[in-house]
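J.:
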Amino acid sequence: MKQRIKRLDKNKQPRSLTKIFIIKVLPVIAFLVAGFLLVPYGSMYFQNNKVNMIQTKNEAVLFYNANCSHCQKIYPKIFWHNALNFNNKSKQIQTINVQNTNNKHYLTDFAIQSTPTFMKTTNIKQRLVFTNSQQIKQFIQTGGH
Numbered sequence: 002m003k004q005r006i007k008r009l010d011k012n013k014q015p016r017s018l019t020k021i022f023i024i025k026v027l028p029v030i031a032f033l034v035a036g037f038l039l040v041p042y043g044s045m046y047f048q049n050n051k052v053n054m055i056q057t058k059n060e061a062v063l064f065y066n067a068n069c070s071h072c073q074k075i076y077p078k079i080f081w082h083n084a085l086n087f088n089n090k091s092k093q094i095q096t097i098n099v100q101n102t103n104n105k106h107y108l109t110d111f112a113i114q115s116t117p118t119f120m121k122t123t124n125i126k127q128r129l130v131f132t133n134s135q136q137i138k139q140f141i142q143t144g145g146h
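If you want the working numbering, it's the position in the sequence shown, counting the first as 1, plus 1.
1. Quick one: using the 10 Å Cβ neighbour count with 16 as the cut-off for buried, is PRO28 buried or exposed?
2. Quick check on LYS105: does DSSP put it in helix, strand or coil?
3. Residues in the same chain with beta-carbon distance under 6 Å from THR57, minus the five sequence neighbours each way, listed in chain order, please.
4. Distance, Cα to Cα, VAL34 vs THR132?
5. In three-state DSSP terms, what is ILE113?
6. Any idea what DSSP makes of ALA67, helix, strand or coil?
7. How far does the alpha helix (DSSP H) with PHE140 in it extend, from its first residue to its last?
8. Give me whichever residues DSSP pairs with ALA61 in a beta bridge.
9. Shortest alpha-carbon distance to HIS71 belongs to which of THR19, PHE111, SER134, GLN48?
10. Out of curiosity, what's the CA-to-CA distance linking MET120 and GLY43?
11. Please report the distance separating the alpha-carbon of LEU129 from that of PHE32.
12. Within 8 Å, do at least three Cβ pairs link the segment 77 to 91 to the segment 18 to 26?
13. Taking the beta carbon of GLN136 as the centre, do at least 16 other beta carbons fall within 10 Å, making it buried, or is it exposed?
14. Ignore the nearest five residues each way along the sequence and tell me which others in PHE140's own chain have a CB closer than 7 Å to its CB.
15. Using the three-state DSSP reduction, which class does HIS146 fall into: helix, strand or coil?
In structure tokens form, the structure reads like this:
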């Protein structure tokens, strides 16, 4: 009887790599991709709701409105920029959601007329109202010069 059980086990086909991939690997990849895409939007709506002060050690500030389509386009790029520069405050871009009632005073404090608005922390007159990634990168690195 034992020999027969062993023979049946030997004849049993192993799971194909395709099945293993579909059952085990694909869900993990889907979860990671969904997280990569959704985490910035969660941050956009639920963080930055009460900002007490401008962080002058940061390279720049982004004033945004979470419901602004232009802000929604650029915010994930800034989120991942900050994540990649997590340990370097001088490379960070502070984000302030001016849609939140706690932060509305920044609109008048800094005369913000539209969003998204980038402002250098070293010179609040240096600003950029744009969503083009190359222009934003140049502004952050050089102050728009």
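Every residue gets a Cβ at the ideal spot worked out from N, C-alpha and C, and that includes glycine.
Small disclaimer: the values here were computed from a predicted structure and weren't measured.
T.: If we stick to the structure as given:
1. exposed
2. coil
3. THR122
4. 24 Å
5. coil
6. coil
7. 134 to 143
8. ILE94, LYS121
9. SER134
10. 23 Å
11. 35 Å
12. no
13. exposed
14. PHE119, LEU129
15. Bear in mind that a pLDDT of 47 at HIS146, under 50, signals an unreliable position, so the model cannot answer this.
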